[in-house]
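Engineer:
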Amino acid sequence: MSIKKIIACERRSLEKVSKFQLPHHFKKVGWVLFIVSFISLFASSIIITDESLKSTIVVIVKYTMLIGLLMVSLAKEPIEDEFIKSMRMKSYMIAFTLGVIQTLIMPFITLGAETIVDGVSTLKPVNDFFVLWVLLFCQILFFHVFKSAAND
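Residue numbering for the sequence shown follows my numbering, beginning at 618 and increasing consecutively.
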């Protein structure tokens, strides 16, 4: 295979991935999954007393929440036109930018808060759940804001 054919094949593969969306009904499934997981997160911290079991359940529930948000983020709108796609891309761009800024700044905010409260100063990185939560939540929020503004 020549280099040009390989590049063309890779380009087609990337285009397929970049256009991937779930059917619209996955938006409802994602919201249900998110809400049930969110409630389960609080319920498990109250009901379960075994710490090792609680920590395992909390991890599973957190990732289930992220899967729900991802389903909402990737689900098509009932009418998916160029304007909707443009708003979706803008919301992804803003979410990515805010996620990067948050990931860079948050360790220093935490450091300052811990120093003030506890007198301890340790620099800790942001965990993966928080970064993914911010990315997905911001994307969904800004997409909804853009859609609402367009409908007014």
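Built from N, CA and C at the ideal position, the CB exists for glycine as well.
Whole angstroms is fine: what's the gap from Phe659's alpha carbon to Ile677's?
Structural biologist: Working through the sequence shown from its first residue, we reach residue 659 at position 42. Working through the sequence shown from its first residue, we reach residue 677 at position 60. Taking the straight line from one Cα to the other gives about 13 angstroms.
Engineer: Identify every run of the alpha helix (DSSP H) within the segment 624 to 680, keeping only runs that are complete inside it and at least 4 residues long; order them along the chain.
Structural biologist: 642 to 664
Engineer: Have a look at Ile701, Pro742 and Ile726 and flag the residue whose alpha-carbon is nearest the alpha-carbon of Asn768.
Structural biologist: By one-based count along the sequence shown, residue 768 stands at place 151. When each option's Cα is compared against that of Asn768, the closest is Ile701.
Engineer: Can you give me the C-alpha to C-alpha distance between Leu753 and Met688, rounded to a whole angstrom?
Structural biologist: Taking the sequence shown and counting its residues from 1, the one referred to as residue 753 is at position 136. Taking the sequence shown and counting its residues from 1, the one referred to as residue 688 is at position 71. When rounded, the distance between both Cα atoms is 10 angstroms.
Engineer: Alpha carbon to alpha carbon, what distance is there between Thr732 and Cys626?
Structural biologist: In the sequence shown, residue 626 corresponds to position 9, counting from 1. In the sequence shown, residue 732 corresponds to position 115, counting from 1. Taking the straight line from one Cα to the other gives about 53 angstroms.
Engineer: Among residues of its own chain, excluding the 5 on either side of Ser654, which ones have a beta-carbon nearer than 7 angstroms to its beta-carbon?
Structural biologist: Here the question's residue 654 lines up with position 37 in the sequence shown. Once the five neighbours on either side are set aside, the close Cβ partners of Ser654 are Val678, Thr681, Met682 and Gly685.
Engineer: Would you decide whether Ser738 is buried or exposed? Buried here means 16 or more other CB atoms lie within 10 Å of its CB.
Structural biologist: By 1-based counting over the sequence shown, the position of residue 738 is 121. By the neighbour-count rule (16 or more Cβ atoms within 10 Å), Ser738 is not buried but exposed.
Engineer: Enumerate in chain order the residues of its own chain whose CB-to-CB distance from Thr727 is below 7 angstroms, with the five nearest sequence positions on each side excluded.
Structural biologist: The residue labelled residue 727 in the question sits at position 110 within the sequence shown. Around Thr727: Lys741.
Engineer: Measuring CB atoms only, is the segment 663 to 673 touching the segment 702 to 713, in the sense that at least three cross pairs come out at less than 8 angstroms?
Structural biologist: no
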